[in-house]
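Enquirer:
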Amino acid sequence: MAVELDERLERYAELAVRVGANVEEGQNVFINAQIEHAPLARALTRAAYAAGARYVDVTYRDQHVRKAMIELGPDEALTHTPGWMKERGEALAGAASLWTTGDPEPELLSDLDGARVGRAQMKALAEIGRRHMAERVTNWSGVAYPNEGWATEVFGEPDVERLWEAVAFCTRLDEPDPVAAWRDHMARLETRAAQLNELRFDALHYRGPGTDFTIGLLPTARWMSALFRTSQGREYVPNMPTEEVFTTPDPRRAEGTISSSRPLALLGEVIRGLRLIVREGHVVEVEADQGADVVRSQIASDDGASRFGEVALVDGTSRVGQTGITFFETLYDENATCHIAYGFGIPEVFDGDAGDDLNVSSVHTDFMVGRPELEVDGLTKDGQTVPILRNETWQLPE
Amino acid sequence: VTDAGSPEARRTREERYAELAVHVGANVQAGQLVDVIARVEHAPVVRAVTREAYRAGASYVDVYYTDQHIRRALIEHAADELLSWTPPWLLSRAKEVGRERAAVVALTGDAEPDLLADLPGERVGRARMLEIAEESNRQINERLNNWTVIGVPNEGWAQQMFGEPDLDRLWKAVEYTVRLDEDDPVAAWRAHVERIGERARSLNDLQLDSIHFTGPGTDLRVGLLPESRWQGVESHTAQGIPYVANMPTEEVFTTPDLRRTEGHVRSTRPLALYGRIVKGLEMRFEGGRIVDVKADEGAEVIEGQLETDDTAAYLGEIALVDGTSRIGKTGLTFFDTLFDENATCHIAYGSAYAEAVEGGVIEGVNVSTVHTDFMVGGAEIEVDAITRDGTALPLLRNDVWQL
């Protein structure tokens, strides 16, 4: 029996393999997927072999197995990493990697003890991942798999086809030549990052409903698009979609009030109407119409959690933004509009050792601040103000 | 009568099955690592097994899902030398299971039995992780783990058996064979362990030299070792933990002397092997070795397998099953050895179970990387036991146990 293939899924997987992870001939490829994403994992495997992968290793995870551990397992199980998983994690150095998102049961863990849910993380594996990230030894990418549960979260009904259409639009799969479309898209974002780097802004100023906020930038940090390079120089796009140019801000300099413009899905809850009051780089007060406690406890989790680690600019040409959909999935929602993250900074934007300029924390939470009414200006060291975004339109010459 | 609101009625069939697999099958001990190996299609039972294992006190439940579509892509695209390659992290995982003396729950039940049928048979046959096969052979022979294998009903498997995806019918058949239809399945298994165990004890008391099968197309003598020990249903780890390695199981079995099988045998049921069905299999033995293979269908699959290594063509198991077998009573062919081998008497070429020999892997005990059971019993087959003084005792007549 031959396998009946879904042509759109195969093209999607090919895009993730060729543009996203940019799998190199002869590379081992590691795929991490939820079992509900098996059709995508299979298509990624086929596409990886077609791209010349040496061996494709797929590890499936099952949220119900995790739930059983959190609910019924002993304390030590929560943070345990099996020895073989560490060995597999180490083997990612020099390899390509793909992971899938799109939670089929976003509420699955909501009735469990929140403290245990928060602790349930394979610590040793996360540590290996962080080290590989810093050493830039893996070309990797994440893509989402439309499924009924996720569609229900987004649309209130399991309209998978509608979600697929949105995903195909956001990832440029609707283009006649998606690979070429991505090349053009990344070149445009790279140009924006280069522009911002030339202008050498000292700070950004955000002004809009519920927002009057200034955040300092660093002379040592570059603006980037999500066109990453391994230490061996292999280009890859770690997120599909991506619409942002971003940098790591000065963790010591932020002042004012900033309000979120979209709901945020965080640790199994939805945060609405978030407002952060910031003094001398720290979030000092958290307000929200819904879910403020989750943000408060996250910000209290360590020293760096109340400082900022990322500023990202996205304009109205964003395909994610154009859909008007809240996806309840950070991979998508952070690309809808401008966002800021509290928590750890992104090391890639520094050329050398960042030292104190890089915020250190165990958390990194992006939240959306962009909307038509939001004005974003760049402030230069000598006191000039340069408009960057007005009415979600990019103001610098393109 | 079960009240609809009672805890019993609220339990799903997956939960009832998992309880049996964890407590009777693998017999998970408090503090044990539990290894679960399953296909992605088995998730509903995997999840129930995981929950039950934690309730039984598991220190950690490590679930490894495999996916035949990923295997298919490997067979289609990967270089020759990678087909039987074991990724080092998976070998480490297998070794950890032995070192930690983990409990193991393995799930079978093919959701797409024809998935690999259009691929070159030679590559399909080679696509298995050899180092893991050797490691798990070693662990079984050293009796490190309490383990069990259960079948997970799914639509594809039901389609193969019934010609339609009648999942409920397959669930009912499986529940019957594993005694989940009983009010108290755990008690039913205890009685079953006792009854088949008694059979094994009585065979051991007889001090047998060989077993003789006669019937249409069959006249086969299978020689035993003086150290051969009959076993049934319940096994024990080296540390003494009892477990039931297969659910269902109906057989008493032992390890024959690999040098002393003579005569010819005709298989009485179709055999599912590597995605093919072998029908009308006939074999001739000389000095323990299979010297001739014929079949109406699929002989080449058997011949290919017998060439895997030097010892593949010698027997490693002989098992006796009578007409009380629940699998036999269903009249169904499951196309899954876990079930079909329990329908009737069977023998296996390839590796032996060292546990069924006093002294383990001694001379005359077969060691191979293959082990294929095929069915040789039925109402028309007479089975006699030959004692060491040459007396013939009837064991089976018309599928009825004679002792």
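Going line by line, the protein sequences match chains A and B.
Residues in the first sequence are numbered consecutively from 1, following this note's numbering.
Residues in the second sequence are numbered consecutively from 1001, following this note's numbering.
Idealized CB from N, CA, C, for every residue including glycine.
For clarity, every value in this text was computed on a predicted model and none was experimentally measured.
Could you name the residues of the same chain whose beta carbon sits closer than 6 Å to that of Gly89 (chain A), not counting the 5 residues immediately before and after it, in chain order?
Expert: Counting from 1 along the first sequence, the entry for residue 89 (chain A) is found at position 89. The residues are Leu125 and Ile128.
Enquirer: From this set, B:Ala1343, B:Glu1081 and B:Asp1219, which residue's C-alpha is nearest His1264 (chain B)'s C-alpha?
Expert: Along the second sequence, read from residue 1 onward, the residue named residue 1264 (chain B) stands at position 264. Residue B:Asp1219 is the option with its Cα nearest to His1264 (chain B).
Enquirer: Can you tell me the Cα-Cα spacing of Ile1140 (chain B) and Tyr332 (chain A), whole angstroms?
Expert: Counting from one through the second sequence, the residue named residue 1140 (chain B) turns up at place 140. Counting from one through the first sequence, the residue named residue 332 (chain A) turns up at place 332. Between Ile1140 (chain B) and Tyr332 (chain A), the C-alpha separation is close to 49 Å.
Enquirer: Looking at C-alpha atoms only, which residue of A:Ser261, A:His364, A:Gly233 and A:Thr242 is the closest neighbour of Gln298 (chain A)?
Expert: On the first sequence, position 298 is the one that residue 298 (chain A) refers to. It is A:His364 whose Cα lies nearest to the Cα of Gln298 (chain A).
Enquirer: Could you confirm whether any beta carbon from chain A is found closer than 8 Å to the beta carbon of His1212 (chain B)?
Expert: Counted from its first residue, the second sequence places residue 1212 (chain B) at position 212. False, the Cβ-Cβ gap to chain A never drops below 8 Å.
Enquirer: Just checking my contact of Asn1146 (chain B) with Thr1237 (chain B) at CB under 8 Å: how many whole Å lie between their CB atoms?
Expert: The sequence position of residue 1146 (chain B) within the second sequence is 146, counting from 1. The sequence position of residue 1237 (chain B) within the second sequence is 237, counting from 1. Confirmed, Cβ separation roughly 5 Å.
Enquirer: DSSP three-state call for Glu1036 (chain B): helix, strand or coil?
Expert: Position 36 of the second sequence, counted from the start, is the residue given in the question as residue 1036 (chain B). According to the sequence as given, residue 1036 (chain B) is Val; it is not Glu. Looking at Val1036 (chain B) - three-state DSSP - the assignment turns out to be strand.
Enquirer: Taking 8 Å as the threshold (beta carbon to beta carbon), is Ile1037 (chain B) in contact with chain A?
Expert: Translated into positions along the second sequence, residue 1037 (chain B) becomes position 37. Judged by the 8 Å Cβ criterion, Ile1037 (chain B) is not in contact with chain A.
Enquirer: Taking Glu1250 (chain B) as the reference, give the member of B:Pro1216, B:Phe1213 and B:Leu1320 with the closest Cα.
Expert: What you label residue 1250 (chain B) is simply residue 250 of the second sequence in a count that begins at 1. When each option's Cα is compared against that of Glu1250 (chain B), the closest is B:Leu1320.
Enquirer: Under 8 Å between C-beta atoms, does Val1040 (chain B) make it to chain A?
Expert: Here residue 1040 (chain B) refers to the residue found at position 40 when the second sequence is read from its first residue. Yes, its Cβ sits closer than 8 Å to a Cβ of chain A.
Enquirer: Beta-carbon of Gly83 (chain A) versus every beta-carbon of chain B: anything under 8 Å?
Expert: Reading the first sequence from its first residue, position 83 is the one you call residue 83 (chain A). Yes, because at least one Cβ of chain B sits closer than 8 Å to the Cβ of Gly83 (chain A).
Enquirer: In the DSSP output, which residue or residues are listed as bridge partners for Thr1330 (chain B)?
Expert: One-based indexing of the second sequence puts residue 1330 (chain B) at position 330. According to DSSP, which records beta bridges pairwise, Thr1330 (chain B) is partnered with nothing at all.
Enquirer: Closest by CA to Gly1031 (chain B), which one among B:Leu1083, B:Arg1011 and B:Glu1100?
Expert: Within the second sequence, the letter at position 31 stands for residue 1031 (chain B). Closest by alpha carbon: B:Glu1100.
Enquirer: Decide if Gln1239 (chain B) is buried, meaning its Cβ has at least 16 other Cβ atoms within 10 Å, or exposed.
Expert: Locating residue 1239 (chain B) in the second sequence gives position 239, where the first residue counts as 1. Exposed, by the Cβ-count rule.
Enquirer: Looking only at DSSP bridge pairs, what is Phe308 (chain A) linked to?
Expert: Numbered from its first residue, the first sequence carries residue 308 (chain A) at position 308. Answer is A:Tyr342, bridged to Phe308 (chain A).
Enquirer: How is Val117 (chain A) classed by DSSP in three states: helix, strand or coil?
Expert: Numbered from 1 along the first sequence, position 117 holds the residue referred to as residue 117 (chain A). Three-state result, Val117 (chain A): helix.
Enquirer: Reducing DSSP to helix, strand and coil, say where Phe400 (chain A) ends up.
Expert: This structure gives no information on residue 400 (chain A), because the portion of chain A shown stretches from 1 to 398.
Enquirer: Short of 8 Å in beta carbon distance, which residues of its chain neighbour Leu975 (chain B), apart from the five on each side in sequence? Order them along the chain.
Expert: Examination of residue 975 (chain B) is not possible in this model, given that chain B is present from 1001 through 1403 alone.
Enquirer: Rounded to a whole number of angstroms, what is the C-alpha to C-alpha distance between Ser301 (chain A) and Val294 (chain A)?
Expert: For the purposes of this step, residue 301 (chain A) is taken as residue 301 along the first sequence, with counting starting at 1. For the purposes of this step, residue 294 (chain A) is taken as residue 294 along the first sequence, with counting starting at 1. Whole-angstrom Cα-Cα distance: 11 Å.
Enquirer: Could you name the residues that DSSP lists as bridge partners for Trp1401 (chain B)?
Expert: Numbered from its first residue, the second sequence carries residue 1401 (chain B) at position 401. The partner list for Trp1401 (chain B) (beta bridge, DSSP) reads B:Leu1396.
Enquirer: Pick out the complete alpha helix (DSSP H) segments inside the region 130-191 of chain A, 4 residues or longer, and give them in chain order.
Expert: Runs of the alpha helix (DSSP H) inside the region 130-191 of chain A: 148-155 and 160-170.
Enquirer: If you measure between the beta carbons of Gly1316 (chain B) and Thr1255 (chain B), is that distance less than 8 Å?
Expert: Here residue 1316 (chain B) refers to the residue found at position 316 of the second sequence. Here residue 1255 (chain B) refers to the residue found at position 255 of the second sequence. Yes, the Cβ-Cβ distance between Gly1316 (chain B) and Thr1255 (chain B) is below 8 Å.
Enquirer: Which residues share a DSSP beta bridge with Gln395 (chain A)?
Expert: Mapped onto the first sequence, residue 395 (chain A) falls at position 395. Its beta-bridge partners do not exist; DSSP assigns none.
Enquirer: On the DSSP letters alone, give me the boundaries of the alpha helix (DSSP H) that Asp353 (chain A) sits inside.
Expert: Counted from its first residue, the first sequence places residue 353 (chain A) at position 353. Neither: Asp353 (chain A) is in no alpha helix (DSSP H) and is coded neither H nor E.
Enquirer: Can you confirm whether Pro74 (chain A), when its beta carbon is compared against all beta carbons of chain B, has any partner nearer than 8 Å?
Expert: For the purposes of this step, residue 74 (chain A) is identified with residue 74 of the first sequence, where counting begins at 1. Yes, contact with chain B.
Enquirer: If we cut at 8 Å on Cβ distances, does Val1034 (chain B) have a partner in chain A?
Expert: Residue mapping note: residue 1034 (chain B) aligns to position 34 of the second sequence, counting from 1. Answer no: the Cβ-Cβ gap between Val1034 (chain B) and chain A never drops below 8 Å.
Enquirer: Nearest-angstrom Cα distance between Val1233 (chain B) and Arg1179 (chain B)?
Expert: Position 233 of the second sequence holds residue 1233 (chain B). Position 179 of the second sequence holds residue 1179 (chain B). Straight-line Cα distance between these residues: approximately 13 Å.
Enquirer: Taking the alpha-carbon positions, what's the Val1049 (chain B) to Arg1169 (chain B) distance?
Expert: For the purposes of this step, residue 1049 (chain B) is identified with residue 49 of the second sequence, where counting begins at 1. For the purposes of this step, residue 1169 (chain B) is identified with residue 169 of the second sequence, where counting begins at 1. Looking at the two C-alpha atoms, the distance is approximately 22 Å.
Enquirer: Any C-beta of chain B sitting closer than 8 Å to the C-beta of Tyr145 (chain A)?
Expert: Locating residue 145 (chain A) in the first sequence gives position 145, where the first residue counts as 1. Not closer than 8 Å to any Cβ of chain B, the Cβ of Tyr145 (chain A) fails to qualify, so no.
Enquirer: Just confirm the distance between the C-beta atoms of Gly355 (chain A) and Gly309 (chain A), as a whole number of angstroms; I'd bet it's less than 8 Å.
Expert: Taking the first sequence and counting its residues from 1, one reaches residue 355 (chain A) at position 355. Taking the first sequence and counting its residues from 1, one reaches residue 309 (chain A) at position 309. At roughly 15 Å, the Cβ-Cβ gap does not stay under 8 Å, so Gly355 (chain A) and Gly309 (chain A) are not in contact.
Enquirer: What first and last residue would you give for the beta strand (DSSP E) that runs through Trp99 (chain A)?
Expert: Within the first sequence, the letter at position 99 stands for residue 99 (chain A). Here the beta strand (DSSP E) through Trp99 (chain A) covers Ala96 to Thr101.
Enquirer: Taking only beta carbons into account, state which residues of the region 44-75 of chain A come closer than 9 Å to chain B, listed in chain order.
Expert: Of all residues in the region 44-75 of chain A, Thr45, Arg46, Ala48, Tyr49, Ala50, Ala53, Arg54, Tyr55, Val56, Asp57, Val58, Thr59, Tyr60, Arg61, Asp62, His64, Val65, Lys67, Ala68, Met69, Glu71, Leu72, Gly73 and Pro74 have a Cβ within less than 9 Å of some Cβ in chain B.
Enquirer: Check each candidate in A:Trp150, A:Arg192, A:Ala38 and A:Arg136 and name the one with the smallest Cα separation from Leu396 (chain A).
Expert: Counting from one through the first sequence, the residue named residue 396 (chain A) turns up at place 396. Out of A:Trp150, A:Arg192, A:Ala38 and A:Arg136, A:Arg192 has the C-alpha closest to the C-alpha of Leu396 (chain A).
Enquirer: Using the beta-carbon of each residue, which ones in chain B are nearer than 7 Å to His80 (chain A)?
Expert: The count along the first sequence starts at 1 and reaches residue 80 (chain A) at position 80. In chain order: Tyr1060.
Enquirer: Just verifying my parser: in three-state terms, what is the DSSP assignment at Val1367 (chain B)?
Expert: Counted from its first residue, the second sequence places residue 1367 (chain B) at position 367. In this structure, Val1367 (chain B) counts as coil in the three-state DSSP scheme.
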